[in-house]
């Protein structure tokens, strides 16, 4: 076994917490881009499971192109009527025939998309509000084979870091709180966007929050609900951070012009907001422009051989593992660079940038980090099964 | 006039040239993602021009969702037959009615897409090889108005830097050389990908390069052409950098299995590679994962009010201007952060991270950079006309 | 009130029963063409009901273009897998805006199509096996108004006759027997075609009959089921006619080559048979090439003003009424010709061709027939409500 | 050689000329239904030619489902703007793979459709005004084989007659005159409908005639052009028949409300009129409801084995041949009924209904007609090549 090319170095950059201004965003699970991410990834999972169950092998595929075309609604307080459905256009490449068996690409893709919506959205009904069609086709000839041992055929790149900054933590958790808890308490939908700004030792969360038109009878109720939502979110957010947290909801509202954020289905996809894969949250759940980040759209890519997907996920998992197991590390960023022709567990270089908890980077810390990173690389193949078991969210 | 909130600070991070490993990628103009970027941006331009010509105003719009569904070809040396067309699915939001006049959204979008392909691709024919359809619709009600003075209604973010690193420069120029010059000399197409790796003081360019099936009669010719192309590219690339430059073309080729990169149209979109907007090059023309970067898809967004688009472009232009006009600056990265409710030329904060040419950051350099940055912000509105005149490429 | 222009004349032609050879066909309710007819008509009904409920008026519309694109299945005894869904492409014209209210054309059309499939098909599931999308749009400007009093703006034509010939009766009833009764007793689907031939005083019914793959384990079972089905159908058919009735089922079967008529959903739309409106049964439920017939596609057209639809239905209803109420008439064919600019109850000419029960046409018969026909014309407007209440099947 | 089962009998029915009222319709070549017919048939022809050229055989196919979804225009005198393109949805079944060669079904279909529009329409541009896509797929397994000797696998039916009635002749020739000649003289389009009514010894032609908006500056010009057109058509029509011919053009026009028949492309498909195959003219070029007719959509079906298509064409050709070669026959209607399992030239029964020129049907006439009909049946296979050479129009 070749020794892996691992570098552990001290981060030169300021810790994110020491930058005077920070912005972080999370698109909620009902945002049109998140819906596309979720559908793309679910198709990859269901396609892989179909292949395992029916063929005993995994097949190459790539479903990282899904486009959402917004619908149209006629909406007002207490009233909502779908005019035009939301359209989901699934592109993607897969293997139509294997071992003499036909592979139901389109059927798997469409059913996976519906399943995903059904399981994740409270009000949006894939059969009632959406038209989901598949334009998937075969890939280039050379990609249609069963995978035996996987080597990188491209120079690709993954990066992630851990832990989240305080602002990232607040933004992520507040979005999850609204999507998981508040939705059971107030008539709100899942298509939220939480934009966090840290400045002058205060946090401001600007939140787009859809309300359910059928459960709100007039402007007064809407305003009251906005206040209730703001209060609940504020209480929750303030419990996460000692600094002052300001909550601003639906700042573009203009009640006089009846411009408010009402929905029938809980997502702006019903009226005017299109979506696509890879345009939303990164694999760690946020968009953090001041952080090292990858442009790679992880969702929908195959978890067997797509370096871009696997290395981004592996960088996140390794970062988390380092923080968990090396208490002397306060902050870590992991970069993984693939090497053409080598196995995935043998990157060209794996770099960990470290902010130690105290003082400077010691050789003991370096050894500890190297060991954890090496171990994570060695277990590259467990990532695949974790993705197929849907143990992790990639957006 | 309020003074702008401009910060000029010394970069803590190592210069990109001092990082031991660097990777940079550029997708050529025929890559499926680049085709989508190009189409999306062209639609925005043509739609804006239509509105100016016919209504005398610009209208809100957003065409940053375009999906390419790959076609299918039957191909071999000397022979190529389109089986299934490439499909372009244009999503997007625009204003269907203004001042009592109907706005031909679908027609403008489809014709703009065809025009873009016709002008940029040598072999790909939008009428012969593609089916281009528009699924564009109206936006949410509040976005359908004419724009008077534009304030940011979101906290958004733009970042760019200048100059390119040496590797970025080589990757960018080599891709452009192939797309503009080599294509006139050898039977190659536009869907190239140049992946550059700098390591151990050498540059390696791994290049995917499509050859035109109809002009190549057999495997021997193909191999010869690959050699010719490699030689030409090597000569050009080596002229750009003193270090050793290695050229590797179509590394996945397997001539025994007839797995070679032949195309009918010059792009893999004809067979198995889908595309989408915002998934390729950034506004400065490359994908540079070790650099500060924005996830924002600039192409297709309206150049009037979309902060994400405008601030990314402005950050690039300001960086270039600083390098051009402040010789004491060797490297600059500009961050622009919008402020809800403020005009675009009044960002919440504009930050320039500086690597001075020599020594440390002096107050004189700070003043010079601040002045240039301030001037660039003041001319925010010229960016719009530069985009509408197609004076800049955003991908 | 102008007297109506009614002609009652003796039929010169032989009665259909006296022609030596007769062929008659009925496509079952699961035939792709019948599915399109059924969907088109249901959309017209649901759209009309929506308008009545929400606007208090009926609006012009025309949904007589619906196309079914066949899916693909992988099928064998005991096993069936959808590969590609059946696609329904709804075209059509309607009114998007009335009295300031938006009319949900696409939503009504898609939901109506699903409702129709759900109510009429035992195995075919619109959400599981089909992708139903609407491409409906506005009509030409002049058609977008509410209808007050309706005059024909075209010279159009309707024709029908009554009673059915003996062969027509057998074909119609056998098809209905299979679609309503046999389907509850044997594992068969709805996409049948019954082709009847009368010759040499015998009737031969050649029947295409789909069997449900999941309920049939092998070729032997299939053959046994075919025999069972043939026996049941023969018993039923023979009870309808004294002459010898021969039953031939799935004559194209080739068991050696595994070419048998197995389905997952009960319709060949799942694999290889497309469908369209107006290509199947006439309003009296059969295709009888030796009879006077109209090419008009009645299904999906608006029941308010579309002369072609209304006059075909009216000709059938009037024929039935004449036979019911004038016992001296054995056979009647009614032709109705519209008059540009006149109300629907004032045709240019209404002709009844009569075969009297005995002997020749008397003035008493003529008077009786004229009275019934006149009465039917006077009640033209009841036809609309009968169609909207779905009291009659048009295919 | 078995003797063919040919019956020659005297027609009992009145000659069409003796019926007091007659209506006949022809949809011009630019009518949405005619466009679909033309496209469907052209696809069949081009697909067949591709197979002959590349495989040396003909393959089973069926392209008789093509749907046109109307576009949208913004139009007025002197001004016309496409808003939404006309969409052509090609369904159909064909063979994707033969002799190891891939068959470019979609590409052939789309290019054939464009070729047809380009060759037949003066203003309508398939690339500028239309989006043409193919949804064609494989047929059921048993239909995917090469055809050797063709036997009918269904009881099917063809019927036609000759000569045209006087009214049919006027309607047909006037429509052709407008589509071929008048279009070169006046700014008119191809989407015409000529509805002819014979009554009281006069002919009335009610004609829908599209005018080209860009060539007409105002209502006065429009009215003048209508008068010019009416005069030219009247002169031509009157030259065809001695009886009085009345011409009525665009009777639904309402100049006060600006409701006139203006087009950009020459067809109402641009705004509000959908189309489908098999919904327009019969194989003899007209819709004649008082005549024996077939519901079969001939266009797009394969000319190798589809009995419905071949027998309708053969009935027309045989009728024409009988009239040409048997001067003692004034009028003939030919019915052809296929026989399951027999070759196409061996129908179950071929019937010719005869109106002799003078007096009653003699055995000499019977023999002559039988001989011509027999000869036509014997040459069944020449029909195929005539269709593939596009020597006949089927609509």
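Protein chains in written order, with my numbering: chain A, 38 to 432; chain F, 38 to 432; chain W, 38 to 432; chain S, 38 to 432.
Heads up, the beta-carbon is just placed ideally off N, CA and C, and yes, glycines get one too.
The structure displayed is predicted, hence computed values, not measured ones.
Simplified DSSP state of residue i, which is helix, strand or coil
i, result
"residue 209 of chain S", "helix"
"residue 291 of chain A", "strand"
"residue 99 of chain S", "strand"
"residue 345 of chain F", "helix"
"residue 198 of chain S", "strand"
"residue 283 of chain F", "strand"
"residue 181 of chain S", "Bear in mind that the predicted position of residue 181 of chain S carries a pLDDT of just 47, short of 50, making it unreliable; the figure below should be weighed with that in mind. If DSSP states are grouped into helix, strand and coil, residue 181 of chain S belongs with coil."
"residue 392 of chain F", "strand"
"residue 117 of chain A", "strand"
"residue 263 of chain S", "helix"
"residue 73 of chain W", "helix"
"residue 302 of chain A", "coil"
Inter-residue spacing [alpha-carbon to alpha-carbon] between residue i and residue j
i, j, result
"residue 214 of chain A", "residue 102 of chain A", "29 Å"
"residue 375 of chain S", "residue 399 of chain S", "27 Å"
"residue 371 of chain W", "residue 95 of chain W", "28 Å"
"residue 196 of chain A", "residue 407 of chain A", "16 Å"
"residue 45 of chain W", "residue 403 of chain W", "6 Å"
"residue 307 of chain W", "residue 313 of chain W", "15 Å"
"residue 285 of chain S", "residue 92 of chain W", "36 Å"
"residue 264 of chain A", "residue 149 of chain F", "46 Å"
"residue 143 of chain A", "residue 303 of chain W", "20 Å"
"residue 349 of chain A", "residue 104 of chain A", "23 Å"
"residue 172 of chain S", "residue 100 of chain S", "11 Å"
"residue 75 of chain F", "residue 415 of chain F", "28 Å"
"residue 294 of chain F", "residue 287 of chain F", "14 Å"
Inter-residue CB distance, residue i and residue j (contact presumed, cutoff 8 Å)
i, j, result
"residue 63 of chain S", "residue 231 of chain S", "5 Å"
"residue 239 of chain W", "residue 281 of chain W", "4 Å"
Name the residues in the region 134-150 of chain F whose C-beta lies less than 9 Å from a C-beta of chain S; which are they?
138, 139, 140, 141, 142, 143, 144, 147 and 148
Against chain A, which members of the region 358-383 of chain F pass a CB distance test of less than 7 Å?
374 and 377
With 7 Å as the C-beta to C-beta threshold (strictly closer), list the residues of the region 87-100 of chain W near chain A in chain order.
none
Do three or more CB pairs link the region 387-396 of chain S to the region 205-214 of chain S at distances below 8 Å?
In the pairwise beta carbon analysis, the region 387-396 of chain S is classified as not touching the region 205-214 of chain S: fewer than three pairs are separated by under 8 Å.
May I ask you to verify whether the region 321-332 of chain A touches the region 72-90 of chain A, counting CB pairs closer than 8 Å and requiring at least 3?
Result no; under three Cβ-Cβ pairs closer than 8 Å.
Along the region 100-122 of chain W, what residues have a CB closer than 7 Å to any CB found in chain A?
Contacts with chain A (Cβ-Cβ distance below 7 Å) from the region 100-122 of chain W involve 111, 118, 119, 120, 121 and 122, listed in chain order.
Between the region 45-70 of chain A and chain F, which residues of the former have CB atoms less than 7 Å from a CB of the latter, in chain order?
49, 50, 51, 58 and 60
Check whether the region 224-238 of chain W touches the region 149-167 of chain W, counting contact only when three or more Cβ pairs, one atom from each stretch, lie closer than 8 Å.
yes
Give, in chain order, every residue of the region 214-245 of chain S whose Cβ lies closer than 7 Å to some Cβ of chain W.
232, 234 and 243
Residues within the region 285-303 of chain A neighbouring chain W, beta-carbon criterion of under 7 Å
none
Is there contact here, the region 99-119 of chain F with the region 293-312 of chain F, by at least three beta-carbon pairs under 8 Å?
Touching, yes, given that three or more Cβ pairs across the two stretches are closer than 8 Å.
If contact is defined by three or more beta carbon pairs under 8 Å, each pair taking one atom from either stretch, is the region 351-370 of chain W in contact with the region 47-56 of chain W?
yes
Determine which residues of the region 386-413 of chain S have a Cβ less than 8 Å from any Cβ of chain F, and write them out in chain order.
none
For the region 160-176 of chain A, which residues have a CB atom closer than 8 Å to at least one CB atom of chain F, in sequence order?
172, 174, 175 and 176
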